[in-house]
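A.B. asks: Take a look at the following structure, please.
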Amino acid sequence: MKIGKSIQLFALLGLFSVFALTGGCGNTIEGGVPNVAVNITIYPSQPEYFDLQVPGGWVYITGGYRGIIVYRHSESEFRSYDRACPIHFDEPCGRVDVDETNNVLATCPCDSLVWSIIDGGPVSASLPLQGYSTFYDGNRVDIIN
Numbered sequence: 034m035k036i037g038k039s040i041q042l043f044a045l046l047g048l049f050s051v052f053a054l055t056g057g058c059g060n061t062i063e064g065g066v067p068n069v070a071v072n073i074t075i076y077p078s079q080p081e082y083f084d085l086q087v088p089g090g091w092v093y094i095t096g097g098y099r100g101i102i103v104y105r106h107s108e109s110e111f112r113s114y115d116r117a118c119p120i121h122f123d124e125p126c127g128r129v130d131v132d133e134t135n136n137v138l139a140t141c142p143c144d145s146l147v148w149s150i151i152d153g154g155p156v157s158a159s160l161p162l163q164g165y166s167t168f169y170d171g172n173r174v175d176i177i178n
């Protein structure tokens, strides 16, 4: 009799552990860009990065999960974000584009969610853009995760 109760208790604890680790039924947070290795160096003085020569400039580069936005925040600081929408990253429409009329906003074409490329923060979304560590030594920009 004690063995049967021990097995039931063990099974119940196992089931509870599964729910605790997976967040239960229907309570998981949607979104989150899959992690991919990023180790990119660019030189803002090169012609293809002309728009990065002044603060407020930005360019798209290849890399990350769906491409990367590199933004020049100030004379000495750059920031970079994955172009994958944190909500729709696995859908064909889930790549954000910088708004051509307001160069500090990026929009997801799936549902018009908006983020600031100044800090990657959501304007009308629930999750921020996936940011990458970005270092500038006065000559080159290193983007890593």
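So the sequence shown is numbered by my numbering: it starts at 34 and just counts up by one.
The beta-carbon is built from N, C-alpha and C at its ideal position, and this holds for glycine as well.
Phe111 and Tyr165 - do their beta-carbons sit closer together than 7 Å?
C.D. replies: No, they are not a contact pair.
A.B. asks: Among all the DSSP beta bridges, which residues are the ones paired with Thr167?
C.D. replies: Bridge partners of Thr167: Ile176.
A.B. asks: Considering only DSSP beta bridges, list what Ser107 is partnered with.
C.D. replies: Answer is Glu110.
A.B. asks: In this structure, does DSSP put Pro155 in helix, strand or coil?
C.D. replies: Correct three-state label for Pro155: strand.
A.B. asks: Is Leu13 helix, strand or coil when you go by DSSP?
C.D. replies: This structure leaves residue 13 out entirely; the chain is present only between 34 and 178.
A.B. asks: To which residues of the same chain is Arg173 closer than 6 Å at the C-beta, ignoring the five residues directly before and after it?
C.D. replies: These residues qualify, in order along the chain: Thr74 and Tyr76.
A.B. asks: Considering Cα atoms alone, identify which of Phe83, Gly153, Glu81 and Tyr82 is closest to Arg116.
C.D. replies: That would be Gly153, whose Cα lies nearest to the Cα of Arg116.
A.B. asks: Please work out which residues of its chain come closer than 7 Å, Cβ to Cβ, to Gln86, disregarding the five sequence neighbours upstream and downstream, and give them in chain order.
C.D. replies: Here the set comprises Pro77.
A.B. asks: Which same chain residues end up closer than 6 Å to Leu146 when comparing Cβ atoms and leaving out the 5 residues on each side of it in sequence?
C.D. replies: Same-chain partners within the cutoff: Ser157 and Ala158.
A.B. asks: Contact check, Ile102 vs Ser113 under 8 Å by CB: the rounded distance?
C.D. replies: Between Ser113 and Ile102 the Cβ distance is about 7 Å, and since that is below 8 Å, they are a contact.
A.B. asks: Could you tell me the alpha carbon to alpha carbon distance between Thr167 and Tyr93, rounded to whole angstroms?
C.D. replies: So the two alpha carbons sit approximately 15 Å from each other.
A.B. asks: Check the DSSP bridge columns for Thr140 and list the partner residues they point to.
C.D. replies: Per DSSP, Asp130 and Val147.
A.B. asks: Taking C-alpha atoms, which residue in Gly65, Asn178, Ile176 and Ile177 lies nearest to Ala118?
C.D. replies: Looking at the sequence shown, residue 118 is not Ala but Cys. For Cys118, the nearest C-alpha among the options comes from Gly65.
A.B. asks: Any idea which residues DSSP pairs Ile75 with across the strands?
C.D. replies: Answer by DSSP bridge pairing, in chain order: Val174.
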